[in-house]
Amino acid sequence: EAAAAAEAWRGPGRTADGTEVLILANVADGASARAAAGLGIVEGVGLFRTELAFLDRPDEPSVAEQTELYREVIDAFDGQKVVIRTLDAGSDKPLKFVGLPEEANPSLGVRGNRIVLTAPQIREHQLDALAAAARGTTVVPWVMAPMIATVAEAREFAALVRAREMVPGVMVEVPSAAVQADKILAEVDFVSIGTNDLTQYTMAADRMSPELAALTDPWQPAVLALIDRVGAAGLAQGKQVGVCGEAAADPLLACVLVGLGVRSLSAAPAAVAPVGLKLGGVTLDQCREAAAAAVGAESAAGAREAARAVLG
Ligand code: PEP
Ligand code: MG
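Heads up, the sequence shown stops at 452 in my numbering, and the numbers go up one at a time, no gaps.
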């Protein structure tokens, strides 16, 4: 089915009535970025998970080495949108060189942007490398921080990114950030919702637990209600709200996200064609109607059914 969709859909991302929705790729390094660009349908990178290249490293990679890696991804998407996430260390992605403390609950501990509490220089070095990688290219990186929980964290991060002439954003993957989306958006130029973690933290259910799969379903109406809040804030302020979690790879849910105000969707490259195809067959009004019905449902299954009744 995905192969058939790839044949049928060549982009760009838009609803049947012409609302533009960027269809972007999640990548991990130069090779995966070149493979994504080679498909000829994605409109840029929506999430470059920088930590994945360094998972086994005992020492912090030098700024020069980081620059080279980031440059490979930027070069693959010359002149297009490239959204790069600063290191999301900790929890399920321990980075040896960050020297994280032993914690009973790592997913609630020093992870993501919180490493500045113990090792602030690592983020500084990474931002220097990102700025160096973009120098002399046609790409102005959009740089976002993971695991932002407060307005102050967003403000502090934005200043560092702007000082290096890049575009600052944050991920919304902690419920507090979704609740305060209007205030956080006022500090940054864009946000990207990480539905994997936003669902985990909203439902208090470990995303790695097979027993809890029914709870860690991004169709949970409580999760959709938080996304609704973020999307509305983005539309009100004219700032881009994207989704880069697994939810963006589900064609039906992607349409619901657009109905909630999301205007960029980033997923594994193999997943994007079915999303683009589905979106191209529905109007923005249908997406909004489906979104309202899904948010109003009382269960994940009910939300899915309500959306399907509108969108087919
Ligand atoms: C997310 O949490 O949805 C996300 C995109 O980040 P990661 O899966 O890398 O935690
Ligand atoms: Mg995450």
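Glycine is no exception: its CB is placed at the ideal position from the N, C-alpha and C atoms.
Remember, it's a predicted structure, so these values are computed and weren't measured experimentally.
With the rule of 3 Cβ pairs closer than 8 Å, the region 183-203 counts as touching the region 233-251. The beta carbon of residue 409 sits closer than 7 Å to the beta carbons of 165, 175, 176, 179 and 182 from its chain, once the five residues preceding and following it are set aside; these are given in chain order. Proximity to residue 333 across 368, 307, 349 and 353 peaks at 368, based on C-alpha coordinates. Residue 232 has its CB no nearer than 6 Å to any heavy atom of the ligand MG. Inclusion of residue 337 in the 6 Å shell around the ligand MG follows from its C-beta lying nearer than that to a non-hydrogen atom of the ligand. Comparing C-alpha distances from residue 448 to each of 384, 380, 206 and 359 shows the shortest one belongs to 359.
The ligand MG has no heavy atom closer than 6 Å to the beta-carbon of residue 386. The region 142-208 contains, as complete alpha helix (DSSP H) runs of 4+ residues, the segments 142-148 and 170-178 (chain order). If you ignore the 5 residues before and after residue 357, its C-beta comes within less than 6 Å of the C-beta of 440, all in its own chain and listed in chain order. Taking residue 297 as the centre and dropping the five residues before and after it, the same chain places the C-beta of 285 closer than 6 Å to its C-beta, in chain order.
Non-local beta-carbon contacts of residue 289 in its own chain, meaning distances under 8 Å to residues more than five positions away in sequence, involve 314, 316 and 317 in chain order.
Within 10 angstroms of the beta-carbon of residue 253 lie 16 or more other beta-carbons, which makes it buried.
Relative to the ligand MG, residue 313 has its C-beta within less than 6 Å of a heavy atom.
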